[in-house]
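*Asks:* Taken in sequence, the protein lines are chains A and F.
Heads up: the first sequence at position 181 corresponds to 181 in the UniProt record's numbering, and the numbers run straight through without jumps.
Heads up: the second sequence at position 183 corresponds to 183 in the UniProt record's numbering, and the numbers run straight through without jumps.
First the structure, which I've put down as structure tokens, then a few questions once you've had a look.
2 protein chains.
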Amino acid sequence: MSDRLLTPDELETALRAIGAERYHNLHPFHRALHDGRLSKAQVQAWALNRYYYQARIPAKDATLLARLPTAELRREWRRRIEDHDGTEPGTGGVARWLRLTDGLGLDRDYVESLDGLLPGTRFAVDAYVHFVGERSILEAIASSLTELFSPNIISERVSGMLRNYSFITEETLAYFTPRLTQAPRDSDFALFYVKEHARTVERQQAVMDALRFKCGVLWSMLDALDYAYVAPGFVPPGAFAPRAG
Amino acid sequence: MSDRLLTPDELETALRAIGAERYHNLHPFHRALHDGRLSKAQVQAWALNRYYYQARIPAKDATLLARLPTAELRREWRRRIEDHDGTEPGTGGVARWLRLTDGLGLDRDYVESLDGLLPGTRFAVDAYVHFVGERSILEAIASSLTELFSPNIISERVSGMLRNYSFITEETLAYFTPRLTQAPRDSDFALFYVKEHARTVERQQAVMDALRFKCGVLWSMLDALDYAYVAPGFVPPGAFAPRAG
């Protein structure tokens, strides 16, 4: 780990290198998901757990929104909440994610109850919300930078899942299409902010650690899914238990 | 799940039933640990990750201490911090845990740096500290009730590890001996408090949910260890990587 001051462009390069090593597109669960090697029940488990992440993202963004000092910054960040919560019932990212769990045959009340959630999912997502409330604004913004890497994974995921699973349709994957334009817009802003404000060695290290932290959130969610539902397939007491067959 | 009001003794029975289903002595990683089926590197990974739990317990207890309304309750709870932090350097549970990681050949600076921690460990332990700060005092106290079940697991662990691992000595397991008397004293108090104060259906459900939550904390720590270091043995980027051999 370098401890000299990086130029803004060197910092961007260092951040992209963290993604190249730690972003969850490298996780075996993701490979299995995209390559069609999962059963419908395993895809259900993924969608059910990932729902909690989607459902808490507006809380994460509102936590940061409450701390931002200027109307300009708050307008920028408020757009994220609008993207996720929509402008009327049935719109926005959270509602679109529920169309995915519907399409997979999961009961909507069960999904929203969170009763079947893996504890590991809950703790990872809650850690993200707490991080954004407790760390500096710079670190909180930097923790969103995984979106730099998401367009690739989304393209892979959509084409792979449509090709490989008979139970997946374009309609059930409607969540992802708007994310292909929203995520780059959001990450462009966050990257610009971070490059502008991380002008000491200490702040640059904090920014890189924030991105590592966030990669750990996404990664550990897949660790928990893979352990519970793929190999060894050991479901914790109380969590979603797929029916055999 | 019953929704009628339980007598205090029925509540105790219900809480013990939660432990019988969800306490981490039932986890395959624990069975493997006690039965001598782990390598030294796998035992190191356990001790290194569990260190973070030990190290944060005083923060968990201080978070609750700060919220307790009476000197009587605070005196009771303060004793837990004294047990863990000791009365002088080198005493207390955290210091005794470091004798275990020392005995396993782990570098103390590395252990204390937390650099090798699994993200899943960090998120689970931090969830416990946050729970105690955010939930009702009754729920916070109830979440400590896993100690009702710990004397059994400690006896099993100490005898099993001494018998099965040449690299384990009584000295390295010194952490556990005082816990055999501290845990029952602490859980007696917590159980008495909970039975006394959970006198509505809603509060009884909250108490049971708090114990389920805490079982999930301990359980998901073992899920993360088992996934990373046993099966499939897939270590997340940046976490402790045992040397081969």
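Glycine included, C-beta positions come from ideal geometry on N, C-alpha and C.
(1) Can you check which of these residues, A/197, A/203, A/225, A/190, is closest to residue 149 of chain A by C-alpha distance?
(2) Just to make sure I have the definition right: I need the residues of chain F whose C-beta is within less than 9 Å of the C-beta of residue 224 of chain A. Which are they?
(3) Kindly indicate if chain A contains any beta-carbon less than 9 Å away from that of residue 130 of chain F.
(4) Please determine, among F/30, F/33, F/58, the residue with the shortest C-alpha to C-alpha distance to residue 84 of chain F.
(5) Residue 87 of chain F to residue 178 of chain F, Cα distance in whole Å?
(6) Run down chain A in chain order and give the residues with a C-beta less than 7 Å from the C-beta of residue 185 of chain F.
(7) Tell me whether residue 34 of chain A sits in a helix, a strand or coil according to DSSP, three-state version.
(8) Which ranges would you report for the alpha helix (DSSP H) in the region 73-160 of chain F if only whole runs of at least 4 residues count?
(9) Does any CB atom of chain A fall closer than 9 Å to the CB of residue 231 of chain F?
(10) Can you give me the C-alpha to C-alpha distance between residue 203 of chain F and residue 104 of chain A, rounded to a whole angstrom?
(11) Within the chosen definition, does the region 201-219 of chain F reach the region 124-133 of chain F through at least 3 CB pairs nearer than 8 Å?
(12) DSSP state of residue 235 of chain F, grouped into three classes?
(13) Output, in chain order, the set of chain F residues within a Cβ distance shorter than 8 Å of residue 124 of chain A.
(14) In chain F, what lies closer than 7 Å to residue 234 of chain A by C-beta?
(15) Quick one, which residues of the region 43-70 of chain A are near chain F if we go by CB-CB under 9 Å, in chain order?
(16) Whose CA, out of A/25, A/111, A/122, A/6, lies closest to the CA of residue 154 of chain A?
(17) Can you list, in chain order, the residues of its chain whose CB lies under 8 Å from that of residue 102 of chain F, leaving out five sequence neighbours each side?
(18) For residue 217 of chain F and chain A, any beta-carbon pair shorter than 9 Å?
(19) Residue 212 of chain F touches chain A at which residues, Cβ-Cβ below 8 Å?
(20) Output yes or no for whether 9 Å exceeds the beta carbon distance between residue 246 of chain F and residue 68 of chain F.
(21) In angstroms with no decimal places, state the Cα-to-Cα distance between residue 98 of chain F and residue 89 of chain F.
(22) Relative to chain A, which residues along the region 10-26 of chain F have a C-beta separation below 7 Å, given in chain order?
(23) In the region 173-226 of chain A, which residue ranges form an unbroken alpha helix (DSSP H) of at least 4 residues, counting only runs that do not cross its ends?
(24) Should residue 127 of chain A be flagged as near chain F, meaning a C-beta pair shorter than 9 Å?
(25) Within 10 angstroms of the Cβ of residue 236 of chain A, are there 16 or more other Cβ atoms? Answer buried if so, exposed if not.
(26) Looking at the structure shown, is residue 7 of chain F part of a helix, part of a strand, or coil, going by DSSP?
(27) Measuring alpha carbon to alpha carbon, tell me which residue in F/95, F/124, F/16 is nearest residue 60 of chain F.
(28) Residues in the same chain with beta-carbon distance under 7 Å from residue 222 of chain F, minus the five sequence neighbours each way, listed in chain order, please.
(29) Relative to the C-alpha of residue 160 of chain A, which candidate in A/33, A/230, A/15 has its C-alpha closest?
(30) Taking residue 57 of chain A as part of the alpha helix (DSSP H), name the residues at either end of that continuous run.
(31) Short check: CB of residue 232 of chain F to CB of residue 226 of chain A, under 9 Å?
(32) Enumerate in chain order the residues of its own chain whose CB-to-CB distance from residue 166 of chain A is below 6 Å, with the five nearest sequence positions on each side excluded.
(33) Comparing C-alpha positions only, which one of A/175, A/170, A/6, A/205 sits nearest to residue 93 of chain A?
(34) If we call anything under 9 Å between Cβ atoms a contact, is residue 11 of chain F one with residue 198 of chain F?
(35) Thinking residue 51 of chain A and residue 111 of chain A are a contact (beta carbons under 8 Å), I'd like their distance in whole angstroms, please.
(36) One question on the structure: do residue 38 of chain A and residue 230 of chain A come within less than 9 Å of each other, judged by their Cβ atoms?
*Replies:* Short version:
(1) Within the first sequence, the letter at position 149 stands for residue 149 of chain A. Residue 149 of chain A has its Cα closest to that of A/190, out of A/197, A/203, A/225, A/190.
(2) As a position in the first sequence, residue 224 of chain A is number 224, starting the count at 1. Within 9 Å Cβ-Cβ: 120, 220, 223, 224, 227.
(3) What you label residue 130 of chain F is simply residue 130 of the second sequence in a count that begins at 1. Yes, contact with chain A.
(4) Translated into the one-based positions of the second sequence, residue 84 of chain F becomes position 84. Looking at the Cα atoms, F/58 is the closest of the given residues.
(5) One-based indexing of the second sequence puts residue 87 of chain F at position 87. One-based indexing of the second sequence puts residue 178 of chain F at position 178. Computed Cα separation, rounded: 14 Å.
(6) Position 185 of the second sequence, counted from the first residue, corresponds to residue 185 of chain F. Residues of chain A passing the Cβ test: none, with the nearest at roughly 28 Å.
(7) Your numbering for residue 34 of chain A matches position 34 in the first sequence. Residue state, collapsed to three classes: helix.
(8) 93-103, 108-113, 119-134, 137-142
(9) In the second sequence, residue 231 of chain F corresponds to position 231, counting from 1. Taking Cβ atoms only, chain A reaches closer than 9 Å to residue 231 of chain F, which makes this a yes.
(10) For this step, residue 203 of chain F is matched to residue 203 along the second sequence. For this step, residue 104 of chain A is matched to residue 104 along the first sequence. So the alpha carbons of these two residues sit roughly 36 Å apart.
(11) yes
(12) Translated into the one-based positions of the second sequence, residue 235 of chain F becomes position 235. Correct three-state label for residue 235 of chain F: coil.
(13) In the first sequence, counting from the first residue as 1, residue 124 of chain A sits at position 124. Ordered by position in chain F, the residues that pass the 8 Å Cβ test against residue 124 of chain A are 119, 120, 123.
(14) Working through the first sequence from its first residue, we reach residue 234 of chain A at position 234. Correct list: 28.
(15) none
(16) Within the first sequence, numbered from 1, the residue matching residue 154 of chain A stands at position 154. The residue with the shortest Cα to Cα distance from residue 154 of chain A is A/25.
(17) Counted from its first residue, the second sequence places residue 102 of chain F at position 102. 108, 172, listed in sequence order.
(18) Along the second sequence, read from residue 1 onward, the residue named residue 217 of chain F stands at position 217. Yes, because at least one Cβ of chain A sits closer than 9 Å to the Cβ of residue 217 of chain F.
(19) To locate residue 212 of chain F, count along the second sequence from 1; it is residue 212. Ordered by position in chain A, the residues that pass the 8 Å Cβ test against residue 212 of chain F are 238.
(20) Nothing about residue 246 of chain F can be read from this structure; chain F reaches only from 1 to 245.
(21) Here residue 98 of chain F is taken as the residue at index 98 of the second sequence, counted from 1. Here residue 89 of chain F is taken as the residue at index 89 of the second sequence, counted from 1. About 12 Å.
(22) 21, 22
(23) 176-197
(24) In the first sequence, counting from the first residue as 1, residue 127 of chain A sits at position 127. Yes, its Cβ sits closer than 9 Å to a Cβ of chain F.
(25) For this step, residue 236 of chain A is matched to residue 236 along the first sequence. It counts as buried.
(26) Numbered from 1 along the second sequence, position 7 holds the residue referred to as residue 7 of chain F. Coil, per DSSP.
(27) Residue mapping note: residue 60 of chain F aligns to position 60 of the second sequence, counting from 1. Among F/95, F/124, F/16, the Cα nearest to that of residue 60 of chain F is on F/124.
(28) In the second sequence, the residue the question calls residue 222 of chain F occupies position 222. Result list for residue 222 of chain F: 24, 27, 29, 30, in chain order.
(29) Within the first sequence, residue 160 of chain A is the residue found at index 160, counting from 1. Out of A/33, A/230, A/15, A/33 has the C-alpha closest to the C-alpha of residue 160 of chain A.
(30) The residue given as residue 57 of chain A occupies position 57 in the first sequence. Counting along the chain, the alpha helix (DSSP H) containing residue 57 of chain A begins and ends at 40-65.
(31) Position 232 of the second sequence holds residue 232 of chain F. Position 226 of the first sequence holds residue 226 of chain A. Contact: yes.
(32) To locate residue 166 of chain A, count along the first sequence from 1; it is residue 166. Result list for residue 166 of chain A: empty, nothing under 6 Å.
(33) Here the question's residue 93 of chain A lines up with position 93 in the first sequence. Nearest C-alpha to residue 93 of chain A: A/175.
(34) Reading the second sequence from its first residue, position 11 is the one you call residue 11 of chain F. Reading the second sequence from its first residue, position 198 is the one you call residue 198 of chain F. Against a cut-off of 9 Å, the Cβ pair of residue 198 of chain F and residue 11 of chain F comes out as a contact.
(35) On the first sequence, position 51 is the one that residue 51 of chain A refers to. On the first sequence, position 111 is the one that residue 111 of chain A refers to. Sure, about 5 Å apart at Cβ, within 8 Å.
(36) For the purposes of this step, residue 38 of chain A is identified with residue 38 of the first sequence, where counting begins at 1. For the purposes of this step, residue 230 of chain A is identified with residue 230 of the first sequence, where counting begins at 1. Yes, these two residues count as a Cβ contact at 9 Å.
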